[in-house]
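Novice:
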Amino acid sequence: MTTAPAPSLTAAPRIAELDVLWITAGLSCDGDSISITAATQPSLEDLLLGALPGIPKMRLHHPVLAVENGEEFLKPFRAAARGEHPRPFLLVVEGSIPNEKLNREGYWAALGTRDDGQPKTTCEWLDELAPHAWGVVAAGTCATYGGVHAMSGNPTGAMGLVDYLGWDFRSQAGLPVVCVPGCPVQPDNFMETLLYLLYQAAGLSPMIPLDHALRPRWLFSQTVHEGCDRGGYYEQGDFAAEYGSRKCIVKLGCWGPVVMCNVARRGWIAGVGGCPNVGGICIGCTMPGFPDKFMPFMDEPPGAKMSSAAVLMYGRTVRALRNFTKSSLEKEPAWRSPGGALTTGYVRPAAATPAGLDAKEPGDAAEEKP
Ligand code: SF4
Ligand code: SF4
Ligand code: SF4
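When we follow the working numbering, the leftmost residue of the sequence shown carries the number 225, and every step to the right adds one.
What follows is the structure, encoded as structure tokens:
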């Protein structure tokens, strides 16, 4: 049986150059754009300057970071929308998608103008760009599942890109919408996903593994709680009653035990921070049900009342036993003293025992020092 040759970093990339067309014209605060400028694993500069071997050359077209403006900036977007862009492109969308079918006049969100001089809505851009895209990525919770703009009572009928394009949407590369949620998106989570897709475009990695909510599996497979610095306090039933405490903040409203997010483990910038680690309750911003299902934010989650009550009983007992053991372990053994007697339990051969030193039997343990 023959096996396929392993992908090689020195082989010519399957796609040599990939454009990233980034639209922030959803209902958005641009927080995800700001977030990714803080990434370090890899940094935006690493990808733009080709610091990593084997990946396609990346050209970024981003409304905030671009040097071009006006029609000059829109040129690659217009070409891509006509299906005439000279290179494969990755469409990145930031912000939720308003339902333009619901507005009576005017529009909710737009970028540039159409041929008739009227604003070209974000929905029109998406309708034209998505079918030609090598891949489509939703950056941040607004773009993935709707986020804050899609909460109950909103007037725009906003939704995430997955709902807009459809959960069965497939890009030119056969990818569904790749969702990297977070409000804002954790910088390295986004850049690592982008890096994965670049390796995939280069033919150096298999299809990106996504979970049921289309999030990269390796980034969203653990709860906040499982990586939280305060987990030890939770397990001992040691809960903070007010902010500023180092204890578990579940009673202040932390949803960490049921939220899929790696921020407590990964930190925010260069490994530093991570909501509950630094005293901020987890409000579930990476979850499709955010924000409605987590409100009101500052109340103890209903499920946590029961689990923390159970943990409290167990935790108090365990804590008392641990304190007992700890106080013993905090004391040095008594034989470490400058007195004239050797009390370590060492047995000196009888012939070699000098006068004045008492040989002890093994196991003749001394009391601990106070
Ligand atoms: Fe802003 Fe958060 Fe929406 Fe991103 S997900 S656009 S940071 S509100
Ligand atoms: Fe879990 Fe939140 Fe407590 Fe951390 S602060 S241990 S995530 S409940
Ligand atoms: Fe959002 Fe919670 Fe993760 Fe913080 S820890 S980024 S609030 S999901």
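All C-beta atoms, glycine included, are put in the ideal place defined by N, C-alpha and C. The model shown is predicted, which means the values in this text are computed figures rather than measured ones.
Name the DSSP bridge partner or partners of Val291?
Specialist: Counting from 1 along the sequence shown, the entry for residue 291 is found at position 67. Per DSSP, Val291 has no beta bridge partner at all.
Novice: For Lys281, list the residues DSSP reports as bridge partners.
Specialist: For the purposes of this step, residue 281 is taken as the residue at position 57 of the sequence shown. According to DSSP, Lys281 bridges with Glu241.
Novice: Please indicate yes or no: does the CB of Ala528 lie closer than 7 Å to some heavy atom of ligand 3?
Specialist: Translated into positions along the sequence shown, residue 528 becomes position 304. Incorrect: Ala528 has no Cβ contact closer than 7 Å to ligand 3.
Novice: Here's a check: name, in chain order, each residue in its chain whose Cβ is nearer than 8 Å to the Cβ of Leu242, leaving out the five neighbours to either side.
Specialist: The residue you call residue 242 lines up with position 18 of the sequence shown. Correct list, in chain order: Pro280, Lys281, Met282, Arg283, Arg311, Pro312, Phe313, Leu314, Trp358, Leu422, Ala425.
Novice: Only counting the same chain, and skipping five residues up and downstream in sequence, which positions put a Cβ closer than 6 Å to that of Ala589?
Specialist: Against the sequence shown, residue 589 aligns to sequence position 365. Residue placement at Ala589 is flagged as unreliable, the pLDDT there being 47, under the threshold of 50; the coordinate-derived value follows with that caveat. Contacts found: none.
Novice: Give the DSSP-derived three-state secondary structure of Pro322 in the structure shown.
Specialist: Working through the sequence shown from its first residue, we reach residue 322 at position 98. Reduced to three states, the DSSP call for Pro322 is coil.
Novice: What is the residue span of the alpha helix (DSSP H) that Lys529 lies within?
Specialist: Locating residue 529 in the sequence shown gives position 305, where the first residue counts as 1. Start and end: 526 to 553.
Novice: Output needed for Val535: all residues of its chain with C-beta closer than 6 Å, excluding positions within five of it in sequence on either side, in chain order.
Specialist: In the sequence shown, the residue the question calls residue 535 occupies position 311. The answer, listed in chain order, is Gly461.
Novice: With a CB to CB cut of under 8 Å and the five nearest residues on each side skipped, what residues in its chain are close to Arg543?
Specialist: In the sequence shown, the residue the question calls residue 543 occupies position 319. Counting only residues of its own chain and dropping the five nearest sequence neighbours on each side, Arg543 has a CB closer than 8 Å to the CB of Gln460, Gly461, Asp462.
Novice: State yes or no: is the C-beta of Thr365 nearer than 7 Å to some heavy atom of ligand 1?
Specialist: Here residue 365 corresponds to residue number 141 of the sequence shown, with the count starting at 1. Under cutoff, so the answer is yes.
Novice: Kindly identify the DSSP beta-bridge partner or partners of Val635.
Specialist: Missing from the structure shown is residue 635; the chain here goes from 225 to 594 and no further.
Novice: Cα separation between Met530 and Tyr467?
Specialist: In the sequence shown, the residue the question calls residue 530 occupies position 306. In the sequence shown, the residue the question calls residue 467 occupies position 243. Cα to Cα, the separation comes out at about 22 Å.
Novice: Classify Gly456 as helix, strand or coil using the three-state DSSP reduction.
Specialist: In the sequence shown, counting from the first residue as 1, residue 456 sits at position 232. Looking at Gly456 - three-state DSSP - the assignment turns out to be helix.
Novice: For Arg489, which residues from the same chain have a beta carbon less than 6 Å from its beta carbon, with the 5 sequence-adjacent residues on both sides left out?
Specialist: Reading the sequence shown from its first residue, position 265 is the one you call residue 489. Gly451, listed in sequence order.
Novice: Would you mind reading off the limits of the beta strand (DSSP E) that contains Thr417?
Specialist: The sequence position of residue 417 within the sequence shown is 193, counting from 1. It is not in any beta strand (DSSP E) - Thr417 instead sits in the alpha helix (DSSP H) that spans 411 to 425.
Novice: Where do the ends of the beta strand (DSSP E) carrying Gly336 lie?
Specialist: Start at 1 with the first residue of the sequence shown, and residue 336 comes out as number 112. Segment 334 to 337, the beta strand (DSSP E) holding Gly336.
Novice: Shorter than 7 Å, the distance from the beta carbon of Ile473 to the closest heavy atom of ligand 2, or not?
Specialist: In the sequence shown, residue 473 corresponds to position 249, counting from 1. Flag set: Cβ of Ile473 near ligand 2.
Novice: Nearer than 7 Å: is that true of the beta carbon of Asp256 relative to any heavy atom of ligand 4?
Specialist: With respect to ligand 4, the structure offers nothing, as its ligand set consists of ligand 1, ligand 2 and ligand 3.
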